[in-house]
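The structure appears below as structure tokens.
Numbering (the UniProt record's numbering), first residue to last: 1 to 369.
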């Protein structure tokens with residue numbers, strides 16, 4: 001692994017209390033971390049494409065699936081979670097129907113009232129989660145839409161498509177049927193159309209507007225990552241070509257300083273968003289399908305063809321690894337709850353597994369060396 005990347009320590013996060021802990025104690029504590037599987041959810045009938053939580057309270061979350069649906073879930077109150085999970089009574093509260101093909105991604109607004117979904121039917125759909133109704137369908141893409149995300153201020157959402165373009169849609173213009181789709185990556189150069197990438201675009205992420213410029217990052221099968229100015233819709237820079245195969249996933253840290261990319265070459269690369277420099281690299285043994293930062297700790301989790309892995313980036317060490325069971329399928333999506341206590345993992349079988357983060361008492365006599 002290369003030089004350690006920057007931290008995103010904030011005054012409000014529990015990490016601040018841990019960052020000054022003695023390094024050896026910190027290392028010993030992390031060695032005792034593990035994930036306990038506490039529930040298996042089987043409602044989708046095909047592979048899970050994405051998982052997303054509402055940021056404000058984390059009570060609502062959505063799952064997208066290749067079965068053509070988006071499901072809305074109400075996360076149980078803390079004191080009820082164990083009962084819900086262990087009694088297998090946890091079920092989705094609403095199913096969103098309307099896409100005519102696999103749903104590749106679903107993003108949820110911070111307040112949990114709206115969602116946007118992307119599909120291989122070449123469309124995006126904007127939903128009211130309170131009613132389950134589709135408020136508008138966007139059909140400007142010419143091929144599969146592979147990913148979608150809200151901008152941090154939620155004034156628009158960004159999509160990535162197999163037509164090699166990425167679009168920016170504005171929810172506030174829902175009633176303006178004449179509003180044109182603005183493509184942040186497709187523009188005319190010398191009389192020809194200049195596409196965003198040279199192959200399918202697989203993911204797009206948005207950097208919070210607290211940075212100097214609101215940015216979008218895209219990746220694709222062309223092994224490239226591009227950084228865009230969301231205001232001018234122009235390329236700020238292209239990150240050095242360091243992946244040797246198609247890139248499947250992008251994830252940005254809570255403070256937007258650190259970008260993670262992963263793909264078919266089994267590598268996870270960490271980038272300085274502001275400077276576009278490669279800071280670190282992790283080589284795994286299996287294809288990377290999805291990435292997720294912990295919202296609380298300095299961890300990065302990976303969904304792979306073998307299962308899931310969680311790495312502590314500060315000490316450059318894998319903390320835990322869970323291998324899928326024989327019939328468990330490939331891990332295709334994952335997301336931490338906003339309190340960082342639970343990790344949800346989606347699989348190609350349509351199953352969602354719920355893991356609880358466990359830390360044994362380091363000060364217990366049996367734990368001391």
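A virtual CB, placed ideally from N, CA and C, is assigned to each residue, including glycine.
Keep in mind that this is a model prediction, so the values were computed, not measured.
Item to check | Cβ contact check for the region 45 to 52 and the region 295 to 305: 3 or more pairs under 8 Å | outcome: Segment contact: the region 45 to 52 against the region 295 to 305, fewer than three CB-CB distances shorter than 8 Å; contact not assigned.
Checklist entry - Taking contact to mean at least 3 C-beta pairs separated by less than 8 Å, is the region 77 to 95 in contact with the region 144 to 158? => result The region 77 to 95 vs the region 144 to 158: no contact.
Item to check | Selection from 328, 334 and 109 that minimises the alpha carbon distance to residue 349 | outcome: Translated into positions along the chain shown, residue 349 becomes position 349. The shortest C-alpha separation from residue 349 is found at 328.
Checklist entry - What does a CB cutoff of less than 8 Å around residue 172 pick up in its chain, not counting 5 residues either side in sequence? => result Counting from one through the chain shown, the residue named residue 172 turns up at place 172. Low per-residue confidence applies at residue 172: pLDDT is 48, beneath 50, and the placement is therefore not dependable, though the value from the model is reported in the following sentence. Closer than 8 Å at the Cβ level, and outside the excluded window around residue 172, lie 155.
Checklist entry - Alpha carbon to alpha carbon, how far is residue 325 from residue 117? => result If you number the chain shown from 1, residue 325 lands on position 325. If you number the chain shown from 1, residue 117 lands on position 117. When rounded, the distance between both Cα atoms is 30 Å.
Next on the checklist: I believe residue 36 touches residue 355 by the beta-carbon criterion, under 8 Å. Please report the beta-carbon distance rounded to the nearest angstrom.
Outcome noted: Within the chain shown, the letter at position 36 stands for residue 36. Within the chain shown, the letter at position 355 stands for residue 355. Rounded to the nearest angstrom, the Cβ distance from residue 36 to residue 355 is 6 Å, consistent with a contact under 8 Å.
Next on the checklist: Check for me: the alpha helix (DSSP H) holding residue 84 runs from which residue to which?
Outcome noted: Residue numbering aside, residue 84 sits at position 84 when the chain shown is read from its first letter. DSSP places residue 84 in the uninterrupted alpha helix (DSSP H) bounded by 81 to 86.
Checklist entry - With a CB to CB cut of under 6 Å and the five nearest residues on each side skipped, what residues in its chain are close to residue 264? => result Reading the chain shown from its first residue, position 264 is the one you call residue 264. Contacts found: 245, 246 and 287.
Checklist entry - With a CB to CB cut of under 7 Å and the five nearest residues on each side skipped, what residues in its chain are close to residue 312? => result Position 312 of the chain shown holds residue 312. Same-chain partners within the cutoff: 30, 298, 299 and 319.
Checklist entry - Assuming residue 115 contacts residue 129 under a Cβ cut-off of 8 Å, what Cβ separation, rounded to an integer in Å, is found between them? => result Counting from one through the chain shown, the residue named residue 115 turns up at place 115. Counting from one through the chain shown, the residue named residue 129 turns up at place 129. Indeed they touch by this definition, with Cβ atoms about 6 Å apart.
Item to check | Rounded C-alpha distance that separates residue 420 from residue 279 | outcome: Residue 420 lies beyond the range of the chain shown here (1 to 369); nothing can be said about it.
Next on the checklist: Checking the sheet assignment: what are the DSSP bridge partners for residue 312?
Outcome noted: For the purposes of this step, residue 312 is taken as the residue at position 312 of the chain shown. Answer by DSSP bridge pairing, in chain order: 299 and 317.
Item to check | Beta-carbon proximity of residue 205 to residue 250, cut-off 7 Å | outcome: The residue labelled residue 205 in the question sits at position 205 within the chain shown. The residue labelled residue 250 in the question sits at position 250 within the chain shown. Yes, Cβ-Cβ distance for residue 205 and residue 250 is below 7 Å.
Item to check | Straight-line gap, residue 64 to residue 58 (C-alpha atoms, nearest Å) | outcome: Locating residue 64 in the chain shown gives position 64, counting from the first residue. Locating residue 58 in the chain shown gives position 58, counting from the first residue. Cα to Cα, residue 64 sits roughly 17 Å from residue 58.
Item to check | Nearest-angstrom Cα separation, counted from residue 358 out to residue 27 | outcome: Residue 27 sits at position 27 when you count from the first residue of the chain shown. Residue 358 sits at position 358 when you count from the first residue of the chain shown. Note that residue 27 scores 46 on pLDDT, short of 50, meaning its location in the model is unreliable; the coordinates nonetheless yield the value given after this. If I take the Cα positions, the gap works out to 16 Å.
Next on the checklist: Helix, strand or coil for residue 78? Go by DSSP, reduced to three states.
Outcome noted: Within the chain shown, the letter at position 78 stands for residue 78. Residue 78: helix per DSSP, three-state reduction.
Checklist entry - Are the beta-carbon atoms belonging to residue 237 and residue 289 less than 7 Å from one another? => result Your numbering for residue 237 matches position 237 in the chain shown. Your numbering for residue 289 matches position 289 in the chain shown. The answer is no: Cβ separation not under 7 Å.
Next on the checklist: For residue 40, tell me which candidate among 225, 291, 82 and 339 has the shortest Cα-Cα distance.
Outcome noted: As a first step, residue 40 must be located in the chain shown, where it is residue number 40. Nearest of 225, 291, 82 and 339 to residue 40, Cα basis: 82.
Checklist entry - Which residues in the same chain have their Cβ closer than 8 Å to the Cβ of residue 213, if we skip the five residues on either side of it in sequence? => result To locate residue 213, count along the chain shown from 1; it is residue 213. The beta carbon of residue 213 lies closer than 8 Å to those of 229, 230, 231 and 236 in the same chain, with the five residues before and after it left out.
Next on the checklist: Please classify residue 240 as buried or exposed, where buried requires at least 16 neighbouring CB atoms within 10 angstroms.
Outcome noted: Here the question's residue 240 lines up with position 240 in the chain shown. Here residue 240 is exposed. Its C-beta has fewer than 16 other C-beta atoms within 10 Å.
Item to check | Residues near residue 321 by beta carbon distance below 6 Å, same chain, minus five either side | outcome: Translated into the one-based positions of the chain shown, residue 321 becomes position 321. The residues are 309.
Checklist entry - Between the beta-carbon of residue 207 and the beta-carbon of residue 256, is there less than 7 Å? => result As a working mapping, residue 207 is identified with position 207 in the chain shown. As a working mapping, residue 256 is identified with position 256 in the chain shown. Their beta carbons are under 7 Å apart, which means residue 207 touches residue 256 by this criterion.
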